[in-house]
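Numbers in this note's numbering are just positions in the sequence shown, counted from 1, shifted up by 148. In this text, a Cβ means the ideal position worked out from N, Cα and C, and glycines have one as well. Computed from a prediction, not measured in an experiment: that's the story for all the values here. Below is one structure, written out as structure tokens; comments come after it.
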Amino acid sequence: MLLGFDVGGTNVRLLLIEPRTGEVLDRDRESSAGPGPVLLETLIRMSERMQMHHGGEISAIGL
149 MLLGFDVGGT
159 NVRLLLIEPR
169 TGEVLDRDRE
179 SSAGPGPVLL
189 ETLIRMSERM
199 QMHHGGEISA
209 IGL
């Protein structure tokens, strides 16, 4: 599976994609407000939540 992040001024969006088909398996969105360490925690939390919900191995992450 592939994770794709779009980090904007007001929110972070995440897509989970099946690489063989290009199918979007799931998506998520959270606020990107806060300093760098808070944003990093948000990215980690979102990634872990996707992996827990869908299982499988994340083969790549894109920003």
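In this structure, the beta-carbon distance from residue 176 to residue 198 falls below 8 Å.
Where residue 192 is concerned, the enclosing alpha helix (DSSP H) starts and stops at 184-202. Between the C-alpha atoms of residue 164 and residue 210 there is a straight-line separation of about 11 Å. Your pair residue 153 and residue 191 checks out as a contact, with CB atoms roughly 6 Å apart and the cut at 8 Å.
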